[in-house]
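Protein chains: 2
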Amino acid sequence: MDTSTVGCCAPIAQGPLSETDAADLAILLKAVADPVRLRLLSLIGSHPGGEVCVCDLTGVFDLTAPTISHHLKVLRTAGFIDSQRRGTWVYYWIIPETVSRLGALFSPLGEPAAEPASA
Amino acid sequence: MDTSTVGCCAPIAQGPLSETDAADLAILLKAVADPVRLRLLSLIGSHPGGEVCVCDLTGVFDLTAPTISHHLKVLRTAGFIDSQRRGTWVYYWIIPETVSRLGALFSPLGEPAAEPASA
DNA sequence: CTATCATTTTGATTGACGTCGAAGTAAGGA
DNA sequence: TCCTTACTTCGACGTCAATCAAAATGATAG
Numbered sequence: 000m001d002t003s004t005v006g007c008c009a010p011i012a013q014g015p016l017s018e019t020d021a022a023d024l025a026i027l028l029k030a031v032a033d034p035v036r037l038r039l040l041s042l043i044g045s046h047p048g049g050e051v052c053v054c055d056l057t058g059v060f061d062l063t064a065p066t067i068s069h070h071l072k073v074l075r076t077a078g079f080i081d082s083q084r085r086g087t088w089v090y091y092w093i094i095p096e097t098v099s100r101l102g103a104l105f106s107p108l109g110e111p112a113a114e115p116a117s118a
Numbered sequence: 000m001d002t003s004t005v006g007c008c009a010p011i012a013q014g015p016l017s018e019t020d021a022a023d024l025a026i027l028l029k030a031v032a033d034p035v036r037l038r039l040l041s042l043i044g045s046h047p048g049g050e051v052c053v054c055d056l057t058g059v060f061d062l063t064a065p066t067i068s069h070h071l072k073v074l075r076t077a078g079f080i081d082s083q084r085r086g087t088w089v090y091y092w093i094i095p096e097t098v099s100r101l102g103a104l105f106s107p108l109g110e111p112a113a114e115p116a117s118a
């Protein structure tokens, strides 16, 4: 795929997506198409230090620990976050490359992702 | 929200998403988190002339017309596309603003949505 | 007015998803 | 060793979503 095409449109509008690419991207999108996981991702991604303990996440939501754990697993399986156990606690951090992959899909090339008025 | 923050991270990683914003964005993401709708969106968005007749879309998929119609409705309700009937046929076109809204969420500010190697 | 084509709506089925409680694993402290 | 805290896995339940067949709507042609 060459990137020398006109810079008017987002990649998703530059040519028909192949069946394989669409299936691949849908998996990625499904992982973030949930309010809880969206908030988890932003909480983890915006945390100073880059790492968040699960214990800091459970209190934020009106959900049980198993449910939070489930959502974290979905995000981890999709490649948005990774984790490591250190002693008693488990820490999660974001994987920016996966986030950027979605950004690349929907952002017009050559544009710094201008935000519309109603954002 | 001010856009004067550092350009290191995607907006989703710049601060915890509010419950309302997360719910709002999840609706948008759910609409595109499907391989068929992703392909429909790219087919409509990349069509020369900017408009596509439904009759040109049904043949592309191994799905019945009602199913395609259903997916188009989901995309339209979410604000990704709009449509107009002209005579016998119905034409669909993309709404770039909505697409950009997702781009803005996941793209690092100041970066033209650089595409990773494994795209 | 009827027939036909294009598209959407309706109703039903099937499978996937979010959530919880209960049980399981891992680490640290008494 | 036993208990407590932190987190994950398992099993189950209710809801939502993708799909199809059948019927309904809209528009043109004869």
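Residue numbers (numbering that gives the first Met the number 0), protein chains in the order written: chain Y, 0 to 118; chain A, 0 to 118. Ideal Cβ placement from N, Cα and C applies to all residues, glycine included. This structure is a prediction, so every number in the text was calculated from the model and none was measured.
Query raised in the report: Near P115 (chain A), what residues of its chain come up, given a Cβ to Cβ distance below 6 Å and the 5 sequence neighbours on each side ignored?
Result: One-based indexing of the second sequence puts residue 115 (chain A) at position 116. Only weak support exists for where P115 (chain A) lies, its pLDDT of 43 falling under 50; the coordinates are left without a value.
Query - Residue of A:D33, A:L39, A:S106, A:T97 minimising C-alpha distance to V59 (chain A) - result: On the second sequence, position 60 is the one that residue 59 (chain A) refers to. That would be A:L39, whose Cα lies nearest to the Cα of V59 (chain A).
Query raised in the report: Considering only the beta carbon of each residue, do A22 (chain A) and K29 (chain Y) sit closer than 8 Å?
Result: Within the second sequence, residue 22 (chain A) is the residue found at index 23, counting from 1. Within the first sequence, residue 29 (chain Y) is the residue found at index 30, counting from 1. Contact flag unset, no.
**Report entry** Cα-Cα separation, A25 (chain Y) to G102 (chain A)
**Finding:** Numbered from 1 along the first sequence, position 26 holds the residue referred to as residue 25 (chain Y). Numbered from 1 along the second sequence, position 103 holds the residue referred to as residue 102 (chain A). Each residue's Cα considered, the two are about 15 Å apart.
Query raised in the report: Ends of the alpha helix (DSSP H) at V53 (chain A)?
Result: The sequence position of residue 53 (chain A) within the second sequence is 54, counting from 1. Note, V53 (chain A): alpha helix (DSSP H), 53-57.
Query - Within chain A, the residues that L16 (chain Y) reaches when beta carbons sit closer than 7 Å - result: Taking the first residue of the first sequence as position 1, residue 16 (chain Y) is located at position 17. Per Cβ cutoff of 7 Å: L37, R38, S41.
Query raised in the report: So what does DSSP say about I80 (chain A), is it helix, strand or coil?
Result: Translated into positions along the second sequence, residue 80 (chain A) becomes position 81. Of the three classes helix, strand and coil, the one that applies to I80 (chain A) here is strand, per DSSP.
Query raised in the report: Between I11 (chain Y) and F105 (chain Y), is the Cβ-Cβ spacing less than 8 Å?
Result: For the purposes of this step, residue 11 (chain Y) is taken as the residue at position 12 of the first sequence. For the purposes of this step, residue 105 (chain Y) is taken as the residue at position 106 of the first sequence. Contact: yes.
Query raised in the report: Would you report the Cα separation of A113 (chain Y) and S99 (chain A), rounded to the nearest angstrom?
Result: As a first step, residue 113 (chain Y) is located in the first sequence; it is residue number 114 there, counting from the start. As a first step, residue 99 (chain A) is located in the second sequence; it is residue number 100 there, counting from the start. The predicted model places A113 (chain Y) with a pLDDT of 44, which falls under 50 and marks its position as unreliable; any figure quoted below should be read in that light. Roughly 7 Å separates the two Cα atoms.
Query raised in the report: When DSSP builds the beta bridges, which residues end up paired with V89 (chain A)?
Result: Position 90 of the second sequence, counted from the start, is the residue given in the question as residue 89 (chain A). Beta-bridge pairing links V89 (chain A) to A:R84.
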